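In what follows, a single structure is set out as structure tokens and then discussed.
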Amino acid sequence: MTQLQEVSVDDIKHLVSERAIQGETVLLNMGPQHPSTHGVLRLLLELDGETVVSCIPDIGFLHTGIEKNMESKTYAKAAVMTDRLDYLNTLGNNLAYSMAVEKLIELDVPDRAQSIRVILAELQRIASHLIWLGTTGLDVAAMSTFLYCFRERESILDIFELCSGQRMMTTYIRPGGIWRDVPVEFEAAVRAFIKMFPKRVDEYEALLSRNPLFLDRTFGIGAVSSEQALNFGMTGPPLRASGVKWDLRKARPYSGYEQYDFEVPTRTEGDVYARYIVRIEELRQSVKIIEQALNKMPLGPVRSSNHKFVPPPRSEIGVNMEALIHHFKLWTEGFSAPKCAVYNAVESPRGELGVYIVSDGGPKPYRIHWRTPSFDNLLALPFMAKGVLVADLVAIIGSVDIVLGDVDR
Amino acid sequence: MKPELEPTIQALTKTFNSQVNEFRGDVRVTILAESIVAAAQMLRDEFDFSLLSTMTAVDFWPEENPRFEVIYLFTSVSKILNLSVLVQVPGINPSLPTITGIFKNAVWREREVWDMFGIKFEGHPDLRRILMPADWEGHPLRKDYPLGYEEPQFTFNFEEIDLRKPYAKE
Amino acid sequence: MGVEQKLANMGAVTTTLETVVNWSRTRAMWPLLFGLACCAIEMMAAEGAHYDMSRFGMELMRPSPRQSDLMIVAGRVSRKMAPVLRRLYDQMPEPKWVIAMGDCASCGGVFNNYAVVAGVDEIVPVDIYIAGCPPRPEALIHGIMTLYDKVNHNKIKDQA
Amino acid sequence: MLLEYTAIAIFIIVAIAIGFIAIGLGTIFGPRKKSGIKSMPYESGMDPIGPGTRRLPVRFYLIAVLFILFDIEVIFFLPWAIVFRQLGWFGLIEMFIFIIILLVGYFYAWKKGALEWE
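Residue numbers (the working numbering), protein chains in the order written: chain A, 28 to 436; chain B, 39 to 208; chain C, 86 to 245; chain D, 23 to 140.
Encoded structure:
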């Protein structure tokens, strides 16, 4: 029997209180492989019986160096890596990256592409909220919500597969518009989904909203006031649940959001139940946006015709010599951007998703920084987890809705 | 340049000597390293830039003196404004004062900049590596750090890569 | 070791015993709940009602390695996660199998840089590689079917 | 008389046999490979910090005792439920008294705050 490999307490002495060093409180790893950490997040918990004395998050277990990898790819090829960042909001990442590149090289986007982008981004928001609802239901022992939510998510993934051929990593939104036009059946599929979905949200509400067990587990737990939320840098549903009405789709409308009228749901308590209510309300608002965007979707081209930056369609290459030259240049060396830095933010289901691109005039981005919302939302976890039971900590992690690909990049 | 941003820019240029440049509607103010704490305090209290959206660094490697450029991006939720503040940092033992006292989310952002670029932050509560393993040497996002590209295994070079690939024994 | 190693070459007896033992192993192979990244979402979709992986005996995703027979590495393994993955593999009781789900687990996939282990076979011996980024739930179930074929054909003699 | 007892005996033997067969096959045919890391305590993939066995807070003990108390009460219901018809009114009243005594204990524990975690 080999000697037990123990990590002695003194190499993390500066983090925990001295009661842990005397051995009074238990130091427990709610580690990278844990059913309720929604991914590979490690929490070093200092427990006094069931109550959490302090919680020290340790992230980086899913760090894949996307920012460094994107520096060695041209702008068009780096778009493929953006899907893998926040893998629940793939089209939202594409949208953030494409709009940042369009801002960098001042590329126009036709209206049809703008409204299709809004429809797909909102569908992706619904799919992401559905996964959050399913897994939070699992964490709070409401097993059936997981199966209901994934049933609806399958119909959304069918729509994505309809227009792009891939279920999740579509890279369908690219700089200059979208990859190709949506098929004819797209509109019918989306209309069918919008007609069916509100009734399903009422089903979820019937399951959870007034369920006394759910209320006991979520009411008044992990409350964050609006000043603290802003100070922690929280954005998205957790911030709106604390009473700050900050939604980038309303504050800085992009891609045509100003034409659609929808409300931004906010609550004031800022606890786990408030975040639940805000996200459930956002599901309904997204359906409203999709409906209006679908009605206003104009006909026309879906990708900018400025072939210096956007590869020409395949049909033109055989016929038009200039298109062939553009095609060859774009796919070998790529277009070069002016020497400057640009920041562009988009409202992802988790908060403000921003892309900061520094370009040195070459075809490859010199530096890309992703401002990901889960990184800051997770920062408030130790503050929310002080003096809370371990079971409530599980509900708090669920309510903050972190995605580890978003946190570690 | 949005009109509401004017007073902020005047106040910034008056108190700290700073250059202002604008590109595509984003305003960027470059100030000295020592005055970043005062600037952050002023922006948050007087001009209500209550959210530090992000904070990151860029490594202009061949240039040695101002090698790093650290970017603080402040957002004002009430006035819907964005302002980025730039600080030049030299290449030899780069260090900056910390603003964790003013913005709590700077704690992790600064740890990430230390982990990825090696810029020290004096006064930071616990400056440890955040994304890389604790015993990792080197700072990955520096330009002189290799990408770590390994030759992918295709059919033509299958055998020689198979030999040197460290397969896991049982 | 089990008794079957001792009476390894008794013709008909061991072959029928072999088929019974292998049959019993493929009927309720419980995977370890070990979702890393995007492939984990597709694994959850495969576990959901539409694709229903539990038709193949995978009803329960056991979070603890002590009660799981199969480790599905669903996602990209970073350098910081590699020792944890190896420890979990070691703490799983025999007989155990590993499925590398997705390109990132099989060969590093899209990420060819300092942070990602290029292929999980550098850390744990892999039985089945599933291509796709992320592989569709049907691809995962096809991978599980191939694993069942592999288990059904493995001989008792060469069981270490 | 004897017939019923043989039925129960067969029932018990078969139950025990199935238990032993299920576990026995596993131990006989299952390959076993001891290793240091395998016997190490599992802490979601990380090294455990500090000694495994340590003093636990008293609240866990309190909850355990209360559970045992009321669990035994439920076990006493089982034989009563079987001969429920034959006992008639007498059995019913007897069982109510038994339940009321335990309810008094339950309310006492509740008011003393034994059920609260803090």
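For glycine and all other residues, C-beta sits at the position ideal for the given N, C-alpha and C. Computed from a predicted structure; not experimentally measured.
Over what stretch of residues does the beta strand (DSSP E) that includes residue i continue unbroken?
| i | result |
| --- | --- |
| aspartate 387 of chain A | 378 to 387 |
| glutamate 160 of chain B | 158 to 160 |
| methionine 186 of chain C | 182 to 186 |
| isoleucine 213 of chain C | 213 to 215 |
| arginine 166 of chain B | Neither: arginine 166 of chain B is in no beta strand (DSSP E) and is coded neither H nor E. |
Per DSSP, which one or two residues make a beta bridge with residue i?
| i | result |
| --- | --- |
| glutamine 126 of chain B | B:Glu107 |
| threonine 92 of chain B | B:Leu111 |
| lysine 366 of chain A | A:Asp387 |
| asparagine 120 of chain B | B:Thr113 |
| leucine 416 of chain A | A:Thr78 |
| serine 313 of chain A | Note: serine 313 of chain A sits in no beta bridge, so no partner. |
| valine 201 of chain C | C:Ser163 |
| proline 135 of chain B | B:Glu160 |
| glycine 204 of chain A | A:Arg201, A:Arg330 |
| tryptophan 397 of chain A | A:Val382 |
| glycine 120 of chain C | C:Ala159 |
| aspartate 85 of chain A | A:Arg69 |
| serine 375 of chain A | A:Gly378 |
| aspartate 93 of chain D | In the DSSP output, where bridge partners are listed per residue, aspartate 93 of chain D has none listed. |
Our contact map puts residue i next to residue j with C-beta atoms below 8 Å; I'd like the distance itself, whole angstroms only.
| i | j | result |
| --- | --- | --- |
| leucine 54 of chain A | valine 43 of chain A | 7 Å |
| alanine 364 of chain A | tyrosine 102 of chain A | 7 Å |
| glycine 381 of chain A | alanine 372 of chain A | 4 Å |
| methionine 128 of chain C | glycine 120 of chain C | 6 Å |
| isoleucine 158 of chain A | cysteine 176 of chain A | 7 Å |
| methionine 195 of chain A | cysteine 123 of chain C | 6 Å |
| proline 59 of chain A | serine 66 of chain D | 6 Å |
| threonine 197 of chain A | valine 107 of chain A | That pair is no contact at about 10 Å. |
Just mark residue i as buried or exposed, buried being the case when its beta carbon has 16 or more other beta carbons within 10 Å.
| i | result |
| --- | --- |
| tyrosine 110 of chain B | buried |
| valine 346 of chain A | exposed |
| glycine 388 of chain A | exposed |
| glycine 110 of chain D | exposed |
| arginine 76 of chain D | exposed |
| tryptophan 132 of chain D | exposed |
| tyrosine 174 of chain C | buried |
| glutamine 141 of chain A | buried |
| serine 238 of chain C | Sequence check: residue 238 of chain C is histidine here, not serine. By the 10 Å Cβ count, histidine 238 of chain C comes out exposed. |
| tyrosine 233 of chain C | buried |
| glycine 192 of chain A | exposed |
| phenylalanine 129 of chain D | exposed |
| glycine 50 of chain A | exposed |
| glutamate 290 of chain A | exposed |
| glycine 194 of chain C | buried |
| asparagine 116 of chain A | buried |
| phenylalanine 82 of chain D | exposed |
| alanine 245 of chain C | Because the pLDDT at alanine 245 of chain C is just 45, under 50, the model does not fix this residue reliably, and the value given afterwards should be weighed accordingly. Label assigned to alanine 245 of chain C: exposed. |
| valine 183 of chain C | buried |
| leucine 31 of chain A | Only weak support exists for where leucine 31 of chain A lies, its pLDDT of 41 falling under 50; the coordinates are left without a value. |
| phenylalanine 194 of chain B | exposed |
Starting from residue i, trace the alpha helix (DSSP H) in both directions and tell me its first and last residue.
| i | result |
| --- | --- |
| asparagine 56 of chain A | It is not in any alpha helix (DSSP H) - asparagine 56 of chain A instead sits in the beta strand (DSSP E) that spans 53 to 57. |
| glutamate 60 of chain B | Taken as a continuous stretch (DSSP letters only), glutamate 60 of chain B belongs to no alpha helix (DSSP H), being part of the beta strand (DSSP E) at 57 to 61. |
| arginine 66 of chain B | Element bounds for arginine 66 of chain B: not the alpha helix (DSSP H) but the beta strand (DSSP E), 64 to 69. |
| isoleucine 45 of chain D | 24 to 51 |
| histidine 354 of chain A | 348 to 359 |
| histidine 227 of chain C | 222 to 237 |
| proline 439 of chain A | Absent from the model: residue 439 of chain A. The displayed extent of chain A is 28 to 436, so no value can be given. |
| proline 239 of chain A | 239 to 245 |
| threonine 111 of chain C | 97 to 112 |
| alanine 219 of chain A | 212 to 235 |
| asparagine 258 of chain A | 253 to 258 |
| methionine 126 of chain A | 117 to 132 |
| threonine 53 of chain B | 43 to 53 |
Under 8 Å from any heavy atom of the ligand ZN, does the C-beta of residue i make it?
| i | result |
| --- | --- |
| leucine 118 of chain A | Although the ligand ZN was asked about, the structure shown includes no ligands whatsoever. |
Handout entry: Within 7 Å of chain B by C-beta, residues of the region 255 to 271 of chain A in sequence order
Key = The region 255 to 271 of chain A vs chain B, Cβ under 7 Å: Leu257, Asn258, Phe259, Gly260, Val271.
Practice task
Return the residues of the region 175 to 197 of chain B that lie within a Cβ-Cβ distance of less than 7 Å from chain A, sorted by chain order.
Solution key: Pro178, Leu179, Leu185
Exercise for the section: Compile a chain-ordered list of the residues in the region 132 to 164 of chain C whose CB is closer than 7 Å to at least one CB of chain D. Expected result: Ser149, Pro150, Arg151
Problem - Near-chain D residues of the region 178 to 196 of chain C (beta-carbon distance less than 7 Å), N- to C-terminal order - result: Glu179, Pro180
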